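Counted from 1, the sequence shown has number 36 at position 36 by full-length UniProt numbering; the numbering is strictly sequential.
Structure first, commentary second.
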Amino acid sequence: MIAFALFRESSPALFSLMSAVFGAIIGSFLGVVAERIPPMLLDDETRINLLFPASHCPACQHDLAWWENIPLVSWLALRGRCYHCASAIPLRLWLLELFSFLFFGATAWCIPDIPALFSLWLLSAFLLPLAIIDGRHMLLPDCLTQPLLWAGLLVHLVHPTLPLRDAITGAMVGYLSLWLLYWAFRLITGREGLGYGDFKLLAALGAWCGWQALPTVILLASLTGLMGYFIFIKSGNKTAQIPFGPALAFAGLITFILQIFSLIA
Ligand SMILES: [Zn+2]
Numbered sequence: 001m002i003a004f005a006l007f008r009e010s011s012p013a014l015f016s017l018m019s020a021v022f023g024a025i026i027g028s029f030l031g032v033v034a035e036r037i038p039p040m041l042l043d044d045e046t047r048i049n050l051l052f053p054a055s056h057c058p059a060c061q062h063d064l065a066w067w068e069n070i071p072l073v074s075w076l077a078l079r080g081r082c083y084h085c086a087s088a089i090p091l092r093l094w095l096l097e098l099f100s101f102l103f104f105g106a107t108a109w110c111i112p113d114i115p116a117l118f119s120l121w122l123l124s125a126f127l128l129p130l131a132i133i134d135g136r137h138m139l140l141p142d143c144l145t146q147p148l149l150w151a152g153l154l155v156h157l158v159h160p161t162l163p164l165r166d167a168i169t170g171a172m173v174g175y176l177s178l179w180l181l182y183w184a185f186r187l188i189t190g191r192e193g194l195g196y197g198d199f200k201l202l203a204a205l206g207a208w209c210g211w212q213a214l215p216t217v218i219l220l221a222s223l224t225g226l227m228g229y230f231i232f233i234k235s236g237n238k239t240a241q242i243p244f245g246p247a248l249a250f251a252g253l254i255t256f257i258l259q260i261f262s263l264i265a
């Protein structure tokens with residue numbers, strides 16, 4: 001940690017640039033996580049995991065050469081199409097790499113506290129695939145929400161930005177508050193407004209941000225969700241089901257960033 005802090009202090013621009021490149025590589029891996037976890041969970045026939053098989057075109061199955069797999073660059077060079085069969089490579093994968101590139105670079109530039117910076121990167125590495133998977137499949141997998149909760153507690157054990165007591169209480173209150181809301185909504189309307197994944201994600205965010213931050217997270221997530229809902233309706237989409245996970249992930253990330261800034265201010 002001290003070596004990173006010294007490096008950042010001596011050449012902040014180079015540190016930010018290298019962080020951005022690291023972010024693009026992480027973003028590329030997060031794309032694999034977001035694409036592969038749903039079939040791993042939903043399709044009993046599938047034989048993939050996060051490492052096997054190697055990166056390949058899902059349309060023509062050919063293994064990607066190293067130059068077809070460079071974060072940010074390859075998608076542009078190939079103009080978003082497979083080199084062999086010309087089928088489209090999803091734009092969302094490139095956007096995820098671009099976002100990670102900018103996010104890691106910008107946060108490295110703005111946050112001098114290295115443990116807090118690395119914690120934020122870890123949090124974002126869980127929240128980005130969770131938001132994408134929930135947005136596409138209405139699913140918040142336990143294999144991401146559960147480790148995220150433990151990681152939050154561990155972060156506050158190693159480098160406390162808030163007392164561990166507040167983090168543990170945050171996890172419990174986060175889960176229970178949405179659980180109660182779910183049952184109240186269900187008893188009154190007879191419908192399900194939230195999923196169990198939402199409770200687990202808010203529990204994890206409670207562990208990361210502390211119980212005191214939960215009202216902020218819920219308010220911010222509700223406003224974001226509402227905005228998403230209106231954009232959906234305006235675009236002519238009449239489906240009533242809107243995933244809450246992306247809004248929760250966004251709200252949790254913003255809240256944690258604000259906490260870091262209030263800490264270093
Ligand atoms: Zn192909």
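Even for Gly, the Cβ is constructed at its ideal location relative to N, Cα and C.
Predicted model, so just to flag it, every value in this text is computed and none were measured.
Each of C57, A59, C60, H62, C82, H84, C85 and S87 has a C-beta closer than 7 Å to some heavy atom of ligand 1; these make up the full list, in chain order. The Cβ neighbour count for C85, taken over all protein chains shown within 10 Å, is under 16; the residue is labelled exposed. Linking V217 to A203 through their CA atoms gives a straight-line distance of about 11 Å.
The residue among L162, W67, R8 and L201 with its C-alpha nearest the C-alpha of P112 is R8. In the DSSP assignment, D63 forms a beta bridge with H56. In its chain, beyond the 5 residues on either side, E68 have a beta carbon closer than 7 Å to the beta carbon of Y83.
Counting along the chain, no alpha helix (DSSP H) covers D113, and no H or E run does either. As DSSP reads the structure, A34 sits in no beta bridge. In this structure L96 touches G31 by the C-beta definition: roughly 5 Å separates them, less than 8 Å. Residue burial annotation: K234 is exposed, with fewer than 16 other C-beta atoms found within 10 angstroms of its C-beta. Approximately 16 Å separates the beta-carbon atoms of L220 and I242; this is outside 8 Å, ruling out the contact.
In this structure, the straight-line span from the alpha carbon of A213 to that of L162 is close to 11 Å.
The shortest CA-to-CA distance from G152 to any of D142, L139, C209 and S10 is the one to C209. The continuous stretches of alpha helix (DSSP H) do not include M138, and DSSP gives it neither H nor E.
The straight-line gap separating the alpha-carbon atoms of Y182 and K200 is approximately 13 Å. In the three-state reduction of the DSSP assignment, R81 falls in the strand class. Between P141 and I132, the C-beta spacing is not below 8 Å. Excluding sequence positions up to five before and after A247, its CB lies within less than 6 Å of the CB of A221, T224 and G225, all in the same chain and listed in chain order.
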